[in-house]
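Just remember that our numbering sits 11 ahead of the position in the sequence shown, which is counted from 1.
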Amino acid sequence: MIEKYIGNVMQEVHIFNKLMESIMKKLFIASFLFSFLLAEDSKINLKIDGMQCAYSCAGKVSQVVQSIKGVEECEVDFATGTAVVKYDEKKVNSDNIIKLINKKTYYKAAVDKKECASKEKSTSI
């Protein structure tokens, strides 16, 4: 009688352990997939001083930025003297992007203060 009871308890414990293992696997997979859905690329707006031509200057800035590991996209606008860079914060940070532009080109890159100010105003309304 006791052996039968112990056998039933052991069977229930085994079923419970299998169920918990299945739930944990599903939670792990869900959290892994969810992290990719929430992962957002960082974006920085830069002011590029010193560009004098649309093709060569803007192209050089774009070439330097896009050669950086972790940079996913770079749009340089010669007319406004700005660049928008999308990048993966896990691979590169905005300070390194600015430093490399300043080091590998003749232009002076800095965070676009006007763009930051307009974003702060729009988010505070």
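Virtual Cβ for every residue (Gly too), placed ideally from N, Cα, C.
DSSP places VAL87 in the uninterrupted beta strand (DSSP E) bounded by 82-88. The residue among LYS125, ILE59, THR93, PHE39 with its C-alpha nearest the C-alpha of THR116 is ILE59. Uninterrupted alpha helix (DSSP H) stretches at least 4 residues long and entirely within the segment 24-109 occur at 67-77, given in chain order. Taking a contact to require three or more Cβ pairs closer than 8 Å, the segment 89-99 and the segment 68-77 qualify as touching.
Between the alpha carbons of MET12 and MET35 lies a gap of roughly 35 Å. ALA120 sits buried, since 16 or more C-beta atoms from the chains shown fall within 10 Å of its C-beta.
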